[in-house]
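For my numbering, add 218 to where a residue sits in the sequence shown, where the first one is 1. Idealized CB from N, CA, C, for every residue including glycine. Quick caveat: nothing in here was measured; it's all calculated off a predicted structure. See structure below.
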Amino acid sequence: MTGAAMAGGVMRATSDAASAADTQPVGTRRDADDAFPIADVAPEDLPARLTAWLNRSDRDMTSQNLKPRDAATLIIIDRTEAIPKVLMGRRHAGLKFMPGVFVFPGGRVEPADRGVPAAGELDPRMAERLMLETQRPSLTKARAFAIAAVRETFEETGLMLGRAEAPWPATWPPATRAAAPNDAVLWDRFANAGVLPDLSGLQLVARAITPPRRPRRFDARFFAVDATAIAGRVDGIVGPDAELVELVWMPLDDAERLDLSPITKTVLAELDHRIARGFTPDLPVPFYRFVRGRFHRTEL
């Protein structure tokens with residue numbers, strides 16, 4: 219099913235660490251001056267305004283300090299109309315972690331993500347940026363971030379991102395499938411549907427590390443891909459008792475007004491800015507991290 223056919227509809231799904239770099243719902247603002255600062259902001263001023271806004275956002279930093287876990291998030295964009303739409307899901311209100319908040323599909327990177335075949339590989343410019351500021355960087359590790367984004371999206375939404383009618387290698391499944399049987403079964407569903415993951419259309423659009431002493435910490439890579447990359451869909455993943463109770467296609471301006479974590483809202487603004495600049499792999503990638511008590515933004 220194409221992005222155009224799905225846009226404008228409401229679907230349902232599940233989710234985990236999609237807005238992984240922070241966990242505080244937007245709406246915890248000190249005063250009206252903390253309103254999200256992107257309206258009528260000149261492009262050259264946006265990075266500083268976003269960083270200042272992030273630093274004004276209140277967050278509880280009293281938890282035991284944890285090492286950030288590598289995570290990957292995928293933003294699916296429908297650009298068939300004048301105003302782009304993004305796919306977002308709302309988490310169940312009864313969850314302890316980010317209840318009722320809208321997120322992108324995403325979660326932790328797993329060791330088994332390194333061995334999954336693909337119909338198309340990462341753009342070399344994306345792979346290079348994924349290896350920057352990373353411990354023990356390698357192309358295999360960079361590739362695993364992208365595979366994790368595709369895998370988590372399927373697990374949480376039922377959407378298969380890849381190339382239809384693409385044969386899987388004769389060596390699949392791997393001899394090591396016993397080490398990660400659940401993941402092997404997941405990719406078997408891709409193979410049975412005739413869909414092979416395709417990484418060539420994924421763009422790294424942001425990276426963010428959760429501040430210290432938060433309940434959960436992630437080093438999250440935010441990818442974006444056009445909705446035309448949707449090559450299949452499995453229904454029944456979502457329901458009222460799932461982690462995500464609904465999926466919605468939202469125009470970017472409307473999405474920024476949803477109940478979001480601060481970093482999710484910031485990434486949406488960065489994405490809006492990136493689309494306006496042509497949405498090309500040559501654009502730098504913003505990297506948000508907490509240094510000496512404040513968020514800082516650099517570029518990869």
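Taking only the alpha-carbon atoms, compute the straight-line gap between residue i and residue j and give it to the nearest angstrom.
i	j	result
Pro346	Arg507	Reading off the sequence shown, one finds Glu at residue 346, where the question assumed Pro. Cα to Cα, Glu346 sits roughly 19 Å from Arg507.
Phe363	Leu486	20 Å
Leu420	Asp453	24 Å
Val244	Ala388	Confidence at Val244 is low in this model, with a pLDDT of 30, below 50, so the placement of that residue should be treated as unreliable; the coordinate-derived value is given next. Approximately 48 Å between the Cα atoms of the pair.
Phe505	Ser356	19 Å
Pro385	Ala336	10 Å
His514	Ala409	42 Å
Arg361	Phe441	12 Å
Thr446	Thr280	43 Å
Ile427	Phe436	6 Å
Arg432	Ala438	14 Å
Ile493	Val368	21 Å
Thr498	Glu374	27 Å
His491	Arg475	16 Å
Asp296	Pro469	9 Å
Leu348	Glu339	13 Å
Ser479	Val319	7 Å
Trp390	Glu262	48 Å
Phe322	Asp472	15 Å
Asp416	Arg407	15 Å
Glu464	Arg381	26 Å
Val509	His310	32 Å
Met316	Gln282	18 Å
Trp271	Ala260	15 Å
Asp477	Val456	20 Å
Arg326	Met306	18 Å
Asp459	Leu404	21 Å
Val304	Ile294	6 Å
Leu292	Leu379	10 Å
Glu383	Thr358	25 Å
Asp500	Val334	26 Å
Tell me which residue opens and which closes the beta strand (DSSP E) that residue i is part of.
i	result
Met378	Leu377 to Leu379
Thr516	Arg512 to Glu517
Ala442	Phe436 to Asp444
Taking residue i as the reference, which of the options has the closest Cα?
i	options	result
Thr298	Trp467, Thr280, Arg369 and Arg451	Trp467
Asn273	Leu518, Gly511, Glu517 and Thr516	Gly511
Ala449	Leu476, Arg431, Lys359 and Ala411	Ala411
Val423	Gly457, Thr516 and Thr358	Thr516
Gly376	Val413, Ala266 and Asp341	Val413
Pro502	Gly307, Arg343, Asp406 and Leu518	Leu518
Leu444	Pro302, Lys285 and Arg425	The amino acid occupying residue 444 in the given sequence is Asp; Leu does not appear at that position. If we check each option's Cα against that of Asp444, Pro302 comes out closest.
Glu461	Arg287, Pro342, Trp271 and Arg308	Arg308
Arg425	Asp406, Met378, Ile455 and Thr484	Thr484
Arg332	Glu351, Ile365 and Phe322	Ile365
Ala289	Glu328, Pro261 and Val259	Glu328
Pro430	Ile481, Lys359, Lys285 and Pro265	Lys285
Arg194	Gly325, Ala266, Thr269 and Phe372	No information on residue 194 is available, as it lies outside the stretch 219 to 518 that the chain covers here.
Arg267	Ser418, Arg354, Leu404 and Glu488	Glu488
Arg343	Arg434, Ser418 and Pro458	Ser418
Gly324	Arg287, Ala330, Glu351 and Glu370	Glu370
Asp278	Thr482, Gly496, Arg434 and Arg495	Arg434
Could you spell out the range, first to last residue, of the alpha helix (DSSP H) harbouring residue i?
i	result
Arg425	That residue, Arg425, is in no alpha helix (DSSP H); its beta strand (DSSP E) goes Gln421 to Ile427.
Trp271	Leu264 to Arg274
DSSP puts residue i in a beta bridge; with which residues?
i	result
Asp416	Gly338
Ala382	Val413
_What ranges does the alpha helix (DSSP H) occupy inside the region 447-511, keeping only unbroken runs of at least 4 residues that lie completely in it?_
470-473 and 480-494
*Which runs of the beta strand (DSSP E) fall wholly inside the region 286-345 and span at least 3 residues, in chain order?*
287-296, 303-309 and 324-326
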